[in-house]
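Numbering-wise, our numbering puts 16 at position 16 of the sequence shown, and it's gapless, one number per residue.
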Amino acid sequence: MEYKTIIGLEIHVQLKTQSKMFCGCNNKAEEAKPNTLVCPVCLGLPGVLPVANRQAIEWTLKTGLALNSKIAEKSKFDRKHYFYPDLPKNYQISQFDLPFCTGGYLEIRNKKEEIRKINLTRIHLEEDAGKLIHTENATLVDLNRAGTPLMEIVTNPEISSPQEAKIFMQELRTILRFLSVSDANMESGHLRCDANISVAEIRNEKWEIGIPVEIKNMNSFKMVERALAYEEKRQRQLLEKGEKIVKETRGWNDGKGETYSQRSKEYAQDYRYFPEPDIPPFETVEFNLAKIKEEMPELPAEKRKRYIDDLGLAPQDAAVLTLDKQMAEYFEEVATKVSPKLAANWVINELPNHKPHLSGEGGQIKSGNLIELLQLIEKGEISGKIAKNVLAEMVTNGKNASEIIKEKGLGQVSNESEIIKIIDEVSKENQKSVEDFKKGKKEALGFLVGQVMKKTQGKANPQIVNKLLNERIK
Ligand SMILES: [Zn+2]
């Protein structure tokens, strides 16, 4: 049988605003003791009035613009009712029929190097629930997270493999970080993902879409890929056997590496949505879209294109540099002063050997220091090998390249009489190679150059060594 996998994602993004979505409570739940960042609003006490967080709305619009969505002219919040111990009000303020953003898309490059355009259904804003902590004898509730602004991004069901789902999540994370709206760390729950997955099969010469199964609780990129791959295989095997797929929600057991049934979804839950009466609807002209657009940073895809087209970098290098905004900015600073290819090579391959290399206090390599070092390589004053040693010194003592080179006597030796002295020593010790070279064996010259470089600990200028060796021996 021929099958096709169809995946849709529902992604929740915690926004890193100062305060919560509908009250003034501090939004840094992770660092606080349980139930210390709460007030009558987020505890759902009677008689309180929620006030929407402007920053959270602006960031949702900003994300919508970055993902090519249509920004709604009018929008509103709605109450979504359900009963759960971590939801103090017994309803969640969310958005039903008028989300802030509709449509949009994100382009990803899959492993076959194809560009895939994944369309979005909508982006809306809501509040997060608290956290339940299950212990041996009790279940405890921490409401610090109740009321954290939560942006929900929903894709159309058109992702075609578990691997594409993972790549989509990774690209989305990078964009959210470039936009500075979320820390977007999956392991810490800033970025969470539920997936709908179904398998279509050909019946009567037509693709027939199967019953979707929802998978919850995937909190790493690897888990997204593994859980979906497991589920894809499970569904295909059931279809092979002629069995039916049950519409249900399944959890992922990472230890066992399998999904398990959580609850049947035969009956759609009725959330009894109705407009939030305490927050008047919005007209999005109230938010300065022009200013949000103006402040939009250059996004990873645009940067990658510019690095390849304008700076001549390899696509692979451009991809690595744009994984992290800070790394991209650091690279750009260095690349204005030295060859972009040299800058890329050092930022990608050498700096990671010396952590922390980009920011923070101790052991930091300032971009100015790296620029100076690379300029010395470009001018031929030090070799790449010596530059690596200088870099290691820089990390430990924070001095700049020229200071270290002077102190350690690492500068290149270009003084001809000094080099001639060493050439004569080397010639005496390697008579055979000298004879070979005289007979025209080119490899012999390479060997002799190598010996001179070794004696000078790599400090002799190779071009001068070459020139002088030729002159002296012939
Ligand atoms: Zn509060």
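Using N, Cα and C, we set each Cβ at its ideal position, and we do this for glycine too. It should be emphasised that the depicted structure is a prediction, and the values quoted were computed from it without experimental measurement.
Out of the options, point me to the one whose CA is closest to residue i's CA.
i    : options                : result
S198 : I115, L228, L313, N53  : L228
N196 : T5, D436, G446         : T5
V41  : E10, N90, I57, Y3      : N90
N470 : I423, Q457, N461, K454 : I423
E475 : K341, Q451, N253, Q14  : Given that the chain is displayed from residue 1 to residue 474, the structure contains no residue 475 and the question cannot be resolved.
L37  : S220, Q326, E378, T148 : T148
L87  : E107, V154, L132       : L132
R250 : D309, L448, E214, R177 : E214
A56  : A444, F100, N156       : F100
N53  : K441, P212, I279, S160 : I279
R177 : V13, T121, P85         : V13
I7   : L67, E152, I159        : I159
K379 : N349, I348, Q412, I308 : Q412
P325 : R304, A343, E10, A401  : Reading off the sequence shown, one finds Lys at residue 325, where the question assumed Pro. If we check each option's Cα against that of K325, R304 comes out closest.
L342 : T322, I365, L323, D317 : D317
R272 : A66, K432, H81         : H81
Grab me the residues of residue i's own chain with a C-beta within less than 8 angstroms of its C-beta, minus the 5 sequence neighbours each way, in chain order.
i    : result
L410 : I382, I386, N389, V390, I404, K459
G360 : Unreliable positioning characterises G360 in this predicted model, as indicated by a pLDDT of 44, which lies under 50. The coordinate reading is nonetheless provided below. For G360, where only same-chain residues beyond five positions count, there are no Cβ hits under 8 angstroms.
G257 : R226, Y230
Y3   : V199, A200, E201, R236, L239
V224 : P162, A165, K166, M169, C193, A195, M218
N466 : L445, V449
K216 : D194, T249, R250, G251, W252, Q262
E208 : A200, E201, I202
E276 : P50, K76, F77, D78, R79, I93
By Cβ distance, which residues of its chain are closer than 6 angstroms to residue i, with the 5 residues on each side in sequence left out?
i    : result
K70  : T102, G103
F507 : The structure shown does not extend to residue 507, since the chain is modelled only from 1 through 474, so no value can be given for it.
E333 : S367
Buried or exposed for residue i, going by 16 or more other Cβ atoms inside 10 Å?
i    : result
A138 : exposed
R263 : exposed
T396 : exposed
L49  : exposed
F287 : buried
R145 : buried
V246 : exposed
H134 : exposed
F274 : exposed
A392 : exposed
M327 : buried
K408 : exposed
L140 : exposed
W252 : buried
Y330 : buried
N461 : buried
T259 : buried
M1   : exposed
C39  : exposed
N369 : buried
Excluding the five sequence neighbours on either side, which residues of its own chain have a C-beta within less than 7 angstroms of the C-beta of residue i, listed in chain order?
i    : result
P340 : L311, G312, L313
S220 : M186, E187
R109 : I115
V51  : F22
E58  : F287, I292
A301 : E107
L15  : A56, W59, P149, M151, V181, S182
A29  : L37, N144, R145, T148
K117 : Y105, E107
E372 : N400, A401, S402
Would you list the residues whose beta-carbon is nearer than 5 angstroms to any heavy atom of ligand 1, in the order they occur in the chain? C23, C25, C39, V41, C42
Does the region 47 to 64 come within contact of the region 286 to 294, defined as at least 3 CB pairs closer than 8 angstroms? yes
Report yes or no: do the region 119 to 126 and the region 79 to 95 share at least 3 C-beta pairs separated by less than 8 angstroms? yes
Evaluate contact between the region 154 to 167 and the region 70 to 87, counting only Cβ atoms and requiring at least three cross-stretch pairs below 8 angstroms. no
Should the region 35 to 53 be called in touch with the region 170 to 185, which here means at least 3 C-beta pairs below 8 angstroms? no
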